Amino acid sequence: IVAIIIATPWFSFFLPPVAWMYFTIGKYYVASSRELKRLSSIHKSPVYEHFTEALRGGATIRAFGDVDRYIEDHALRVDRYFRAFWPSMVINRWLSLRLDFIGAVLTAAVAAAIFLTIDFPFGLEMDPGKAGFAISQIISITAFLSFTVMIYGQLELTAIAIERIAEYTHLPVEAQRDAPFEPDAKWPQSGKIELKNYGMAYRKGLPLALRNVSLKIAPREKIGICGRTGAGKSSIFNAILRLSDVQRGQILIDGVEIHSVGLALYRSKISVVSQESIVFASSVRYNLDPAGAHSDMALWGALLKVQLEVTVKQMGGLEAKIAEDGGNLSVGERQLLSIARCILSGNKIILLDEATSSVDVETDRMIQQTIRNVFSDCTVLTIAHRLNTIADSSRIMVLDKGRVAEFEPPSDLLLKPNSIYKSLVDAAKGK
Ligand SMILES: Nc1ncnc2c1ncn2[C@@H]1O[C@H](COP(=O)(O)OP(=O)(O)OP(=O)(O)O)[C@@H](O)[C@H]1O
Ligand SMILES: [Mg+2]
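Here the sequence shown stands for residues 151 to 581, numbered as in our numbering.
Structural data, given as structure tokens:
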């Protein structure tokens, strides 16, 4: 531009209005296209979601003869997405049209400046070389300026992603992974659990999922937990695993207040089979022993104990692949795999949430037997809807609306005519 101004000084008069045009158009474009981008990304995920849902539930949809509705639904979502996506394409055309137009104006301006220099008002001489140079320069510069505006727009748009990441970095974090206080290396040695006036809610403002729970569990006790859906059974486990930040009261394990222990260390000391058992898309070996700390013998031993040995052999041994979400295993097999993982962990405290609800009664009985044997030295808390599963626990904890309603040996509870446990057992028998 400087070179052009030197060649044709008149050009500098055209420069400010043109710069202003670039600026306004750029601003206008960025503001609208940012909103359009936002709209189209909001409407994009429902399309994907619907598509994957339809893929997974294809059989069900066909069975209910709802194919047409699904296709219509999908078309609706695609329409909604395109309503935002199409303008965001069009706005790009809008921009390049304007930019090309300004480019043409600029070129014309240079030509006019040359004309003015030669003819008006002084009739100065001008080197034709300089004139040619100015014209050829301005053509490449306009392309460059358009490009700059485009890139600037892109930058603003992609910065939305950074904005989102910044938002995520400001989310509240869990408790410290490493706390200054380190319990004894062997902690917890015996596995005694004590809750003192413990209350817990899932988030601020939600009602308490556990209220005023006080109880003591002795080392090596086998506790069965039951109660109606939503009574707070899983919440007890979540409390012990410190999955919620909103709590009052204390939980002590072997006399150590659990919230004083670093989270990473703490959670490594407790084994869980949760209501939705988790398996990784990797080899059987990795699923059993992610840290690679155990010998093949130990791995096969654990598989044998949960009666998965034959299945794994058929799959092709320890290196056999497990599909995403455990797709090539049944729900029961996934649960068994998780139990095998617990066996290998060697932890003192074992939490089983409906761990055998999806295996047949016979296998369940066998596994409960195994759990008694393998975990004889551990404190085991078992949640079960199937009361047989927990019938020979040392004590039964019956939860009701977030409170511990009953906590006694099953034989005692059965003797009490009004106990909730007895009514649950009777109801199960009556079936
Ligand atoms: N992630 C969560 N966020 C908010 N509230 C929750 C959450 N999980 C559970 N709750 C609430 O806490 C209460 C206890 O739920 P909990 O999962 O402990 O029940 P549960 O006894 O395990 O039931 P189920 O037998 O169906 O597994 C329920 O009222 C439930 O609505
Ligand atoms: Mg539950």
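C-beta atoms are modelled at their ideal positions from N, C-alpha and C, and glycine is treated no differently.
Just so it is clear, the structure is predicted and the values come from calculations on it, not from any experiment.
Excluding the five sequence neighbours on either side, which residues of its own chain have a C-beta within less than 7 Å of the C-beta of residue i, listed in chain order?
i, result
"Trp337", "Asp404 and Val406"
"Ile288", "Ile154, Leu256, Thr257 and Val260"
"Phe525", "Ile500"
"Leu266", "Trp160"
"Ala541", "Pro560"
"Leu307", "Ser183, Arg184 and Lys187"
"Phe283", "Ala157"
"Gly496", "none"
"Arg353", "Val396"
"Lys366", "Glu344"
"Lys551", "Ala381"
"Ala470", "Ser433, Val434 and Val462"
"Tyr172", "Ile252, Leu295 and Val299"
Considering residue i, what are the terminal residues of the beta strand (DSSP E) in which it resides?
i, result
"Ser584", "The question about residue 584 has no answer here: the residues shown for the chain are numbered 151 through 581."
"Leu345", "Ile343 to Ala351"
"Leu365", "Leu360 to Ile367"
"Gln397", "Val396 to Ile403"
"Leu502", "Ile499 to Asp503"
"Val168", "Careful: Val168 lies outside any beta strand (DSSP E), inside the alpha helix (DSSP H) at Phe161 to Arg206."
"Gly377", "Lys372 to Gly377"
"Val530", "Thr529 to Ile533"
"Ile390", "Not the beta strand (DSSP E): Ile390 falls in the alpha helix (DSSP H), residues Lys383 to Ile390."
"Leu356", "From DSSP, Leu356 is part of no beta strand (DSSP E); its letter is neither H nor E."
"Leu549", "Arg545 to Asp550"
Identify the continuous alpha helix (DSSP H) that holds residue i and give its terminal residues.
i, result
"Leu486", "Val481 to Ser495"
"Glu556", "Here Glu556 belongs to no alpha helix (DSSP H); instead the beta strand (DSSP E) covers Arg553 to Glu558."
"Leu438", "Val434 to Leu438"
"Met300", "Pro278 to Thr319"
"Gly451", "Asp446 to Lys455"
"Thr520", "Val511 to Val524"
"Ala157", "Val152 to Ala157"
"Gly580", "Ile570 to Gly580"
"Gln464", "Glu459 to Met465"
"Thr539", "Leu537 to Ile540"
Is the Cβ of residue i closer than 7 Å to any Cβ of chain D?
i, result
"Glu185", "In the displayed structure, chain D is absent; only one protein chain is listed."
Among the residues of its own chain, which have a CB less than 8 Å from the CB of residue i, if the five just before and after it don't count?
i, result
"Ile175", "Leu245, Arg248, Leu249, Ile252 and Val299"
"Phe387", "Val422, Ser424, Leu501, Asp503, Leu531 and Ile533"
"Tyr416", "Arg392 and Ile408"
"Cys528", "Gly341, Arg370, Asn497, Lys498, Ile499 and Ile500"
"Asn437", "Val429, Phe430, Ile472, Leu487 and Arg491"
"Leu633", "Given that the chain is displayed from residue 151 to residue 581, the structure contains no residue 633 and the question cannot be resolved."
"Ile241", "Tyr179, Ser182, Ser183 and Leu186"
Return yes when the Cβ of residue j is within less than 7 Å of the Cβ of residue i, no when it is not.
i, j, result
"Trp533", "Lys383", "In the sequence as presented, Trp is not what sits at residue 533; that position holds Ile. In this structure, Lys383 lies closer than 7 Å to Ile533 by Cβ."
"Leu186", "Ala234", "yes"
"Leu256", "Val168", "yes"
"Lys498", "Gly380", "no"
"Gly590", "Leu549", "Residue numbering for the chain in the displayed model covers 151 to 581; residue 590 lies beyond these limits and cannot be assessed."
"Asp328", "Gly412", "yes"
"Tyr220", "Ala209", "no"
"Cys492", "Ser445", "no"
"Gly399", "Gly355", "no"
"Val423", "Ala505", "yes"
"Arg435", "Leu468", "yes"
"Leu487", "Val429", "yes"
"Leu479", "Ile401", "no"
"Arg361", "Arg553", "yes"
"Lys463", "Thr520", "no"
"Ser543", "Gly374", "yes"
"Ser394", "Phe331", "no"
"Ala351", "Val396", "yes"
"Ala281", "Ile264", "yes"
"Asp514", "Thr539", "yes"
"Glu556", "Ile570", "yes"
"Gly303", "Tyr179", "yes"
"Ala578", "Leu537", "yes"
"Ile285", "Met276", "no"
"Ala368", "Ser385", "no"
CB-CB under 6 Å to residue i, same chain, minus the five flanking residues each way: which ones, in chain order?
i, result
"Tyr231", "His193, Lys194 and Val197"
"Asn190", "At residue 190 the sequence reads Ser, which differs from the Asn that was named. Only Ala234, Phe235 and Ser238 meet the Cβ criterion."
"Arg522", "none"
"Gly476", "Val429 and Arg484"
"Gly482", "Ser508 and Val509"
"Ala414", "Arg327"
"Arg243", "none"
Next on the checklist: Residues around ligand 2, please: the condition is that the C-beta lies closer than 7 Å to some non-hydrogen atom of it.
Outcome noted: Lys383, Ser384, Gln425, Asp503, Glu504 and Ile533
Next on the checklist: So within the segment 213-245, which uninterrupted alpha helix (DSSP H) runs reach at least 4 residues, ignoring any that extend past its ends?
Outcome noted: none
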